[in-house]
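Engineer:
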Amino acid sequence: MLLFVTDTDVEKGNKRKRFEPDQFLGGSAANPSPDSLYSVLTDYLEAQRARINDLRVAKWTTEGADVAYHLNLTESSKRRPDLEEGDVIAFLTNRNTGQTEIEKLTHENSARAVLAGVISRSAYIYAHAPRHSSEKGSTETVCVIGVVKVKVVGTVQNGERIYVALHHPGVAIPETQIPLRPMADRRPVLLGQALESKSSYSQDKVQLVQCFVSIVLGIQSGQINNAIEDLQEKMQRKFEDVVVKDRSKWIRGLKWKIFIFLVVVGLLSGLLYEFLAPGTWFQYQLCKRGCIKGHSATFKFTTHDIQYIKVYGLEFTWEKLKKNKKLDLEGCQPFNATAGYRYYLNLDRCAYGERIVLDHKPPIRGPTVFAINSNCSAVYFVNKDKWQPYTSAEHIQRVPPCV
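The sequence shown begins at 0 in numbering that gives the first Met the number 0 and counts up by one.
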């Protein structure tokens with residue numbers, strides 16, 4: 000029953016004027032004047048269809064549970080209209096027009112998908128509907144937000160989040176069944192949350208599950224995935240930078256360590272060589288220990304193989320020479336102390352371990368220990384604990400000079 004109240008009736012407080020149904024459908028009551036008509040009141044209205052240009056309500060009760068949008072289908076989907084309630088679809092970009100189109104989500108088109116959604120058949124609002132009848136069949140209704148049935152593969156628990164299943168065309172997958180590794184670097188898009196539990200003995204069985212779905216969740220999921228990927232990329236770059244820097248520091252440090260190691264090894268080798276090798280500066284210094292400072296002697300002699308050898312010796316007291324175990328002078332007796340003989344240690348033979356070195360220039364030869372008389376006329380060497388003179392000794396010189 001419809002009641003019309005005019006501005007005049009309201010201002011004067013008069014009783015409402017009742018219009019009969021036949022009067023309402025025809026005559027002036029069918030098109031009341033905007034100037035005189037204030038409102039249309041009814042206690043109850045029931046109709047199959049209505050076309051209203053502007054509708055304002057204080058309370059809305061509906062059996063539908065979601066809001067759906069009409070979106071254009073791709074050409075392939077128009078030719079093969081196989082979309083059903085609960086199918087998971089992909090939002091794709093038309094390469095020619097740049098407009099958004101939809102088709103069933105598959106592994107092939109998932110890389111080009113900008114969003115994902117669910118086909119709805121239970122919406123209480125179908126928005127963005129085609130204006131002309133000629134456009135029918137070119138669109139499908141996609142849930143924007145609300146409770147709809149979604150095709151889910153496998154067992155799902157109430158309250159479990161559901162995602163796009165990249166390995167199953169047009170269906171969703173529970174969170175517990177998402178592969179640990181993303182497929183081809185594609186992260187699953189969040190569709191919504193299950194509002195009921197359904198079990199399945201087969202992990203490939205597809206069931207319609209009541210879910211709360213929202214396009215906003217997919218957008219946020221994509222943003223979060225992008226943020227995570229950006230963060231991972233930045234962390235990877237930072238990690239690589241740190242690794243490169245640490246590697247550079249390590250290499251520089253290793254170079255210094257190798258250099259220091261080589262220096263230490265070189266020094267140790269040099270020290271060991273000085274300490275152990277014959278003829279080194281250290282061996283010469285050892286041989287000079289205990290000598291009488293400023294006292295030395297030289298002479299030349301001819302060997303049996305006709306080599307002309309110059310011998311240089313440092314003067315020692317007989318007691319110190321005899322204490323040197325290497326010289327083996329225990330059985331040898333000194334000359335008469337009053338005769339003025341002086342005793343010398345062949346410095347080159349001592350430094351080379353008392354060895355004769357023929358390949359040295361000049362050759363290292365001559366006696367290890369020798370004695371010179373007071374007037375520098377003869378040189379003596381030890382042979383079988385006995386002193387014997389050099390027959391070929393010449394150019395005998397002594398510091399201080401002979402008397």
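Here a beta-carbon is modelled for each residue, glycine too, at the ideal position from N, C-alpha and C.
Considering only C-alpha positions, which residue in the set G145, A276, K325 and V263 is nearest to L216?
Structural biologist: Among G145, A276, K325 and V263, the Cα nearest to that of L216 is on G145.
Engineer: Tell me the rounded alpha-carbon separation between I371 and L266.
Structural biologist: Taking the straight line joining both Cα atoms gives about 41 Å.
Engineer: Specify the secondary structure class of A112 as computed by DSSP and reduced to three states.
Structural biologist: Coil, per DSSP.
Engineer: So what does F369 bridge to, in DSSP terms?
Structural biologist: Its beta-bridge partners are Y343 and F380.
Engineer: The beta strand (DSSP E) with F300 in it runs from where to where?
Structural biologist: Here the beta strand (DSSP E) through F300 covers S295 to T301.
Engineer: If we count the other Cβ atoms within 10 Å of its Cβ and call it buried at 16 or more, is H167 buried or exposed?
Structural biologist: It is buried - the Cβ of H167 has at least 16 other Cβ atoms within 10 Å.
Engineer: Give me the DSSP bridge partner(s) of L189.
Structural biologist: DSSP lists Y162 as partners of L189.
Engineer: Which same chain residues end up closer than 7 Å to T301 when comparing Cβ atoms and leaving out the 5 residues on each side of it in sequence?
Structural biologist: Correct list, in chain order: Y307 and S391.
Engineer: Tell me where the beta strand (DSSP E) around Q387 begins and ends.
Structural biologist: It spans K385 to P388 - the beta strand (DSSP E) in which Q387 sits, taken as one unbroken run.
Engineer: Please determine if the stretch 194 to 208 and the stretch 152 to 164 are in contact, where contact requires at least 3 C-beta pairs separated by less than 8 Å.
Structural biologist: They touch, by the three-pair rule.
Engineer: Where does G25 sit, in a helix, a strand or coil, going by DSSP?
Structural biologist: Below a pLDDT of 50, predicted positions are generally treated as unreliable, and G25, at 43, falls in that range; the measurement from the model is reported next regardless. Reduced to three states, the DSSP call for G25 is coil.
Engineer: Whose C-beta lies closer than 7 Å to the C-beta of G169 among residues of the same chain, with five residues either side of it excluded?
Structural biologist: Within the same chain, G169 has close Cβ partners D86, V87, K103, L104 and K150.
Engineer: At which residues does the alpha helix (DSSP H) containing K77 begin and terminate?
Structural biologist: Taken as a continuous stretch (DSSP letters only), the alpha helix (DSSP H) holding K77 covers E74 to R78.
Engineer: Less than 7 Å separating the Cβ of E159 from some heavy atom of the ligand FAD?
Structural biologist: The ligand FAD is absent from the structure shown, which contains no ligands of any kind.
Engineer: Buried or exposed, going by whether 16 or more other CB atoms sit within 10 Å of the CB of V208?
Structural biologist: That one is buried.
Engineer: Select from P80, D65, C286 and V264 the residue whose C-alpha is nearest the C-alpha of R348.
Structural biologist: Of the listed residues, the one whose Cα sits closest to R348 is C286.
Engineer: In its own chain, which residues sit with a C-beta less than 8 Å from the C-beta of I355, not counting the 5 before and 5 after it?
Structural biologist: For I355, where only same-chain residues beyond five positions count, the Cβ hits under 8 Å are R348, P362, I363 and R364.
Engineer: Under 8 Å, do L320 and L313 count as touching if we go by C-beta distance?
Structural biologist: The answer is no: Cβ separation not under 8 Å.
Engineer: Return the CA-CA distance between S121 and N95, expressed in angstroms with no decimal places.
Structural biologist: Between S121 and N95, the C-alpha separation is close to 32 Å.
Engineer: Rounded C-beta distance between T403 and L70? I'm assuming under 8 Å.
Structural biologist: Any answer about residue 403 is impossible in this case: the structure gives the chain only from 0 up to 402.
Engineer: What three-state label does DSSP hand Q235 in the structure shown?
Structural biologist: Q235: helix per DSSP, three-state reduction.
Engineer: Tell me the DSSP bridge mates of H127?
Structural biologist: Bridge partners of H127: none, in fact.
Engineer: Does DSSP put G404 in a helix, in a strand, or in coil?
Structural biologist: Residue 404 lies beyond the residue range present for the chain, which begins at 0 and ends at 402; the question has no answer from this structure.
Engineer: Using only the alpha-carbon positions, how far apart do N93 and E100 sit?
Structural biologist: In a straight line, the C-alpha of N93 is about 7 Å away from that of E100.
Engineer: Where does D245 sit, in a helix, a strand or coil, going by DSSP?
Structural biologist: Three-state DSSP puts D245 in a helix.
Engineer: On the criterion of 16 or more Cβ atoms from any shown chain inside 10 Å, does F238 qualify as buried, or is it exposed?
Structural biologist: Label assigned to F238: exposed.
Engineer: Excluding the 5 residues flanking K11 on each side, which residues of the same chain have their C-beta closer than 8 Å to its C-beta?
Structural biologist: Per-residue confidence for K11 stands at a pLDDT of 42, beneath the threshold of 50, marking its modelled position as unreliable; no derived number is given.
Engineer: Using the rule of at least 16 other Cβ atoms within 10 Å of the residue's Cβ for burial, across every protein chain shown, is K244 buried or exposed?
Structural biologist: Per the 10 Å Cβ criterion, exposed.
Engineer: Using CA coordinates, which residue listed in I218, N335, A49 and I291 is at the minimum distance from T404?
Structural biologist: In this structure the chain extends from 0 to 402, so residue 404 is not present and cannot be described.
Engineer: From the beta carbon of Q396, is the nearest beta carbon of chain D less than 8 Å away?
Structural biologist: Given the protein chain composition of this structure (a single chain), no chain D is represented.
Engineer: Look up A183 in the DSSP assignment and say whether it is helix, strand or coil.
Structural biologist: With a pLDDT of 49 at A183, under the threshold of 50, the modelled position of this residue cannot be trusted; read the value that follows with caution. Coil.
Engineer: Secondary structure at L44, three-state DSSP: helix, strand or coil?
Structural biologist: L44 falls in the coil class under three-state DSSP.
Engineer: Roughly how many angstroms lie between the CA atoms of V241 and K248, to the nearest whole one?
Structural biologist: Roughly 10 Å between the two C-alpha positions.
Engineer: From this set, A89, L82, T41 and C142, which residue's C-alpha is nearest A115's C-alpha?
Structural biologist: Considering only alpha carbons, the answer is A89.
Engineer: Just to confirm my understanding: we take P400, look at its own chain, exclude 5 residues before and 5 after, and list those with CB closer than 7 Å. What are they?
Structural biologist: Cβ neighbours of P400 beyond the five flanking positions: none.
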